[in-house]
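Number of protein chains: 2
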Amino acid sequence: MKKSIGSRIIVFPTPTWVVGTYDREGQPNVMTAAWGGVCCSRPPCVYVSLRKATYTHGNILRRRAFTINIPSEHYVTEADYFGIASGKEVPKLSVSGLTPVPSRLVDAPYVDEFPLNVECQVLHVIELGSHTQFVGHIIDVQADPSVLNENGLPEIERVNPIIYEPGNRRYYGIGSCLGQAFSIGKAAQSNQK
Amino acid sequence: MKKSIGSRIIVFPTPTWVVGTYDREGQPNVMTAAWGGVCCSRPPCVYVSLRKATYTHGNILRRRAFTINIPSEHYVTEADYFGIASGKEVPKLSVSGLTPVPSRLVDAPYVDEFPLNVECQVLHVIELGSHTQFVGHIIDVQADPSVLNENGLPEIERVNPIIYEPGNRRYYGIGSCLGQAFSIGKAAQSNQK
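If you want it as structure tokens, here you go:
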């Protein structure tokens, strides 16, 4: 018998993504967001949902661009810091010692030390309530060569992304491989009468 | 020096969620989706993005409701099967042997064996290209009592959700705890001049 725990945001997993933008003065800023994901395949789109009060919200509206930077678990302290401090008050990247690199394709900086950087141009701005959803068209992905496999694709086990746990508000790493998608389910299919 | 890998969907982590709906005849259907996430806090909203060709797409449009069912890694085979087969052709839940339970609050069924079930009413239907984004207002969350901690909150380590890896198309489990959010980053903050 299930137990009702109410109308609240308890879903797993959610990501730990660092959103890169330029502010009004052209200074690079970063903030951490867990309300993000993939929302379309063609065009390839990701989004982040942000509160209007965040510095990044205004930055994206003005520049119509952002990057999603995927920290490896080695940078979990920095990622958390980017979710605590505000770019209105402190230059978070300088404080952290991490390096902003200007994207050549979109009007936003990416974080050099993080193994994956997704460069996005804003396609849609959708007001949902407390949060604005910024849907970004993925223009390019920059990867550290050390995370790429023989097919030229990043391996999640080399990227070591961080998972956020809503509710208890903790960070987790990636566990072990459970199998190949669009493949292991064929066993269940064979039960079919 | 980063390597450009092009305009493609390579972001980590993405979820492995099983979407529950009723079809035209009132038969329960499930499909697996990785394009999903949280998109607003007030009202609490999650979304799934689906191709128009899926059976679930029409089901959600008609009933304006869906559930997100979070399988534990024990059910990774069933979750993969729900992403391979189509409800247009086979009654996937009967084939899998899993149990649909009618939600009391929304017009959709949930999967009893999965530890977390999120019951959603459709708030927005947003066309993004190949995919339609269905934004659902979380009306309630049903949890298996065994995954709840002393605060009444589900623990990700007890739910054992499945992570999907776009690109290489593999499933992964959850790894170890990396720290408390909005807390461990304070160390980086103290570097501030």
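These protein sequence lines map, in sequence, to chains A and B.
FYI, the working numbering numbers position 27 of the first sequence as 27, with every residue one higher than the one before it.
FYI, the working numbering numbers position 52 of the second sequence as 52, with every residue one higher than the one before it.
Cβ atoms here follow ideal geometry from the backbone N, Cα and C, with glycine treated the same way.
Report the rounded CA-to-CA distance for residue i versus residue j, giving the unit in angstroms.
| i | j | result |
| --- | --- | --- |
| residue 172 (chain B) | residue 162 (chain B) | 6 Å |
| residue 72 (chain B) | residue 17 (chain B) | 10 Å |
| residue 2 (chain B) | residue 36 (chain B) | 28 Å |
| residue 179 (chain B) | residue 76 (chain A) | 8 Å |
| residue 95 (chain A) | residue 59 (chain A) | 20 Å |
| residue 32 (chain A) | residue 155 (chain B) | 22 Å |
| residue 103 (chain B) | residue 142 (chain B) | 9 Å |
| residue 34 (chain B) | residue 52 (chain B) | 16 Å |
| residue 219 (chain A) | residue 147 (chain A) | Coverage of chain A is limited to positions 1 through 193, which leaves residue 219 (chain A) absent and any answer about it impossible. |
| residue 144 (chain A) | residue 25 (chain B) | 50 Å |
| residue 164 (chain B) | residue 134 (chain A) | 23 Å |
| residue 92 (chain B) | residue 85 (chain B) | 7 Å |
| residue 83 (chain A) | residue 27 (chain B) | 44 Å |
| residue 157 (chain B) | residue 74 (chain A) | 20 Å |
| residue 50 (chain A) | residue 30 (chain B) | 30 Å |
| residue 153 (chain B) | residue 167 (chain A) | 7 Å |
| residue 186 (chain B) | residue 56 (chain A) | 20 Å |
| residue 170 (chain A) | residue 78 (chain B) | 28 Å |
| residue 150 (chain B) | residue 89 (chain A) | 37 Å |
| residue 15 (chain A) | residue 188 (chain A) | 29 Å |
| residue 87 (chain B) | residue 44 (chain B) | 29 Å |
| residue 64 (chain A) | residue 128 (chain B) | 17 Å |
| residue 124 (chain A) | residue 136 (chain A) | 7 Å |
| residue 13 (chain A) | residue 54 (chain A) | 23 Å |
| residue 177 (chain B) | residue 118 (chain A) | 25 Å |
| residue 159 (chain B) | residue 22 (chain B) | 25 Å |
| residue 174 (chain B) | residue 42 (chain B) | 28 Å |
Flag residue i as yes if its beta-carbon sits less than 9 Å from any beta-carbon of chain B, otherwise no.
| i | result |
| --- | --- |
| residue 135 (chain A) | yes |
| residue 65 (chain A) | no |
| residue 25 (chain A) | no |
| residue 149 (chain A) | yes |
| residue 107 (chain A) | no |
| residue 240 (chain A) | No answer is possible for residue 240 (chain A): it lies beyond the span of chain A, which begins at 1 and ends at 193. |
Name, please, each residue of chain A whose Cβ falls closer than 9 Å to the Cβ of residue i.
| i | result |
| --- | --- |
| residue 169 (chain B) | 180, 181, 182, 183 |
| residue 177 (chain B) | 165, 170, 171, 172, 173 |
Taking only beta-carbon atoms, is residue i less than 9 Å away from chain A?
| i | result |
| --- | --- |
| residue 126 (chain B) | yes |
| residue 42 (chain B) | yes |
| residue 117 (chain B) | yes |
| residue 86 (chain B) | no |
| residue 22 (chain B) | no |
| residue 99 (chain B) | no |
| residue 62 (chain B) | no |
| residue 93 (chain B) | no |
| residue 166 (chain B) | yes |
| residue 102 (chain B) | no |
| residue 37 (chain B) | yes |
| residue 58 (chain B) | no |
| residue 81 (chain B) | yes |
| residue 18 (chain B) | no |
Please list the partners that residue i has in chain A, where partner means a Cβ-to-Cβ separation under 8 Å.
| i | result |
| --- | --- |
| residue 78 (chain B) | 185, 188 |
| residue 8 (chain B) | 44, 138, 141 |
Would you mind giving the Cβ-Cβ distance between residue i and residue j, rounded to the nearest angstrom? I have them listed as a contact below 8 Å.
| i | j | result |
| --- | --- | --- |
| residue 38 (chain B) | residue 46 (chain B) | 5 Å |
| residue 101 (chain B) | residue 110 (chain B) | 5 Å |
| residue 97 (chain B) | residue 66 (chain B) | Going by Cβ atoms, the distance from residue 97 (chain B) to residue 66 (chain B) rounds to 22 Å, so no, they are not a contact pair. |
| residue 105 (chain B) | residue 140 (chain B) | 5 Å |
| residue 9 (chain A) | residue 11 (chain B) | The Cβ separation is near 20 Å, so there is no contact. |
| residue 80 (chain A) | residue 181 (chain B) | 6 Å |
| residue 130 (chain B) | residue 40 (chain A) | 6 Å |
| residue 196 (chain A) | residue 138 (chain B) | Outside the displayed span of chain A (1 to 193) sits residue 196 (chain A), for which this structure offers no information. |
| residue 126 (chain B) | residue 126 (chain A) | 7 Å |
| residue 112 (chain A) | residue 132 (chain A) | Rounded, the Cβ-Cβ distance is 28 Å, inconsistent with contact. |
What are the residues that DSSP puts in a beta bridge with residue i?
| i | result |
| --- | --- |
| residue 11 (chain A) | Per DSSP, none; premise fails for residue 11 (chain A). |
| residue 31 (chain A) | A:19 |
| residue 5 (chain A) | DSSP lists no partner for residue 5 (chain A). |
| residue 36 (chain B) | B:48 |
| residue 69 (chain B) | B:18, B:117 |
| residue 143 (chain B) | A:3, B:116 |
| residue 136 (chain B) | B:46, B:122 |
| residue 109 (chain B) | B:102 |
| residue 131 (chain A) | A:51 |
So which residues on chain B does residue i lean against when the C-beta distance must stay under 9 Å?
| i | result |
| --- | --- |
| residue 142 (chain A) | 2, 3, 4, 5 |
So with CB distances below 7 Å, who are the chain A contacts of residue i?
| i | result |
| --- | --- |
| residue 55 (chain B) | Within chain A, no residue comes near residue 55 (chain B); the closest Cβ sits about 16 Å away, beyond 7 Å. |
| residue 145 (chain B) | 3 |
By the criterion of Cβ-Cβ separation under 8 Å, what are the contact partners of residue i in chain B?
| i | result |
| --- | --- |
| residue 196 (chain A) | Residue 196 (chain A) is absent from the model: chain A starts at 1 and stops at 193. |
| residue 161 (chain A) | 12, 13 |
| residue 71 (chain A) | Simply none; closest approach about 11 Å. |
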